[in-house]
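Asks:
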Amino acid sequence: KESIKKMSFDLKRLYQERDELKGFRFSDDAELQRVFESSFPFEDTPDQVLANQDIKDDMTSGKVMDRLVCGDVGFGKTEVALRAVFRAIVNGKQAVMLAPTTILTEQHYNTALERFKDFGIKIEVLNRFKTAKQQQKIILDLKEGKIDFINASSKVQPASLAIIKFLSKLVLFYNTQIFFHLVQIQPQ
């Protein structure tokens, strides 16, 4: 009982501190964002419309973001995430989407290749299918700004640790088959 009380006070303090921090203020919809969104080959669901608007509001507010989007498998969470990734990249950021499995990183990578093919976005995948040498090259290219968006398995070591060391330059997405979590990392 005491530990739950302590945890609730710690969470309240954490969210008060986060509320005082300034985040990156992403630009409002530009024509390029509208073109990207309209290139989605399916009709948005009402929940996608709502989630997209909530994320846009978060990203353009100038506050530190922490957004969780939940939904069943196949209900468009990845498209919602890719629209936020696109907004981040258009605003000069790099983006990382972490996933818990190699298969999911491959799925996200292939989806991203298809969605971003007409927009000149440099995409890479980092998972256990890559050799240690390939992983090192990908990390170096990411650090040097040669990659805009990377899909990575959260299980890849030490590559995941190398990504975490410079996350202040990135917008991080954690995508599973049930939810995706959008976090704007604050510079230290």
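No gaps in the numbering here: position 103 of the sequence shown is 129 in this note's numbering, and each next residue is one more. Note that CB positions come from ideal geometry on N, CA and C, so glycine has one too. Note that the coordinates shown come from a computational prediction; the quantities given were computed from them, not determined experimentally.
Spatial neighbours of A56 within its chain, please: CB distance less than 8 angstroms, with the 5 preceding and 5 following residues excluded, ordered by chain position.
Replies: Non-local C-beta neighbours of A56 in its own chain, meaning closer than 8 angstroms and more than five positions away in sequence, comprise V116, ordered along the chain.
Asks: For A158, count the other beta carbons within 10 Å of its own beta carbon; 16 or more makes it buried, fewer makes it exposed. Which is it?
Replies: exposed
Asks: What ranges does the alpha helix (DSSP H) occupy inside the segment 56-132, keeping only unbroken runs of at least 4 residues that lie completely in it?
Replies: 57-64, 72-86 and 103-116
Asks: For K48, which of S29, R154, K38 and M91 has the nearest alpha-carbon?
Replies: Ranked by Cα distance from K48, the options S29, R154, K38 and M91 are led by M91.
Asks: By DSSP, does P213 sit in helix, in strand, or in coil?
Replies: In this prediction, P213 has a pLDDT of 47, which is less than 50 and means its spatial position is unreliable; nothing more can be read from the coordinates.
Asks: Return the chain-ordered list of same chain residues with a C-beta closer than 8 angstroms to the C-beta of D174, the five sequence neighbours on each side being excluded.
Replies: I115, Q120, A121, I147, K148 and I149
Asks: Following the continuous beta strand (DSSP E) through F155, name the residue where it begins and the one where it ends.
Replies: Looking at the DSSP string, F155 is not in any beta strand (DSSP E), and its letter there is neither H nor E.
Asks: Taking the straight line between their C-alpha atoms, what separation do you get for L76 and K27?
Replies: 37 angstroms
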